[in-house]
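Q: Letter by letter, the sequence shown follows residues 1 to 130 of the working numbering. This is the structure I have questions about; it appears just below.
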Amino acid sequence: ANPSLNPAQVLAAERATAAPIGAFGPLAVGAGLINAGRAVGVNPPVRPNTKITKKPGKTIHKSSASFKFKSDVPGVRFQCGLGKRPKFRQCSKSVRVVGIKRGAKTTFQVRAVNGKTKDKSPAKFSFRRR
């Protein structure tokens, strides 16, 4: 290295001798070089599993029911829905289902979502209001 070069001249020299980003070979990084001769792998998001941790009994007597749930993957978000083929909507870690009619059988479903990766088998619970 030439001790008479100032930091701006060193940076300019590094940029002039480094390969463009995305090419294989040495790349300028800060004050040094890294070798990008090997491909860098990126792990896809982990597929989460969802578990209902609090639920009502199989038969309820009120028009509402509360649920809590969790995932084995930290930091996920949740989507909830009602019915056999629900239209899932974003929900928090606990949900209160209201407006359940007498005699109605209801299926609550929840799935964890990690980025764009969804739980393929949502957690389900069916119950009936007397």
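The beta-carbon is built from N, C-alpha and C at its ideal position, and this holds for glycine as well.
Measure the beta-carbon distance from residue 127 to residue 52 and round it to whole angstroms, keeping in mind my assumption that it falls under 8 Å.
A: Indexing the sequence shown from 1 puts residue 127 at position 127. Indexing the sequence shown from 1 puts residue 52 at position 52. Incorrect: roughly 11 Å between the Cβ atoms, too far for contact.
Q: Within 10 angstroms of the Cβ of residue 119, are there 16 or more other Cβ atoms? Answer buried if so, exposed if not.
A: Translated into the one-based positions of the sequence shown, residue 119 becomes position 119. By the 10 Å Cβ count, residue 119 comes out buried.
Q: Where does the unbroken beta strand (DSSP E) through residue 54 begin, and where does it stop?
A: Position 54 of the sequence shown, counted from the first residue, corresponds to residue 54. Its beta strand (DSSP E) spans residues 50-54.
Q: By alpha-carbon positions, which one of 123, 113, 130, 124 ends up nearest to residue 45?
A: Within the sequence shown, the letter at position 45 stands for residue 45. Ranking 123, 113, 130, 124 by Cα distance to residue 45 puts 113 first.
Q: Assign residue 123 to one of three DSSP states: helix, strand, or coil.
A: Counted from its first residue, the sequence shown places residue 123 at position 123. Three-state DSSP puts residue 123 in a strand.
Q: Quick one: Cα of residue 131 to Cα of residue 80, how far?
A: Coverage of the chain is limited to positions 1 through 130, which leaves residue 131 absent and any answer about it impossible.
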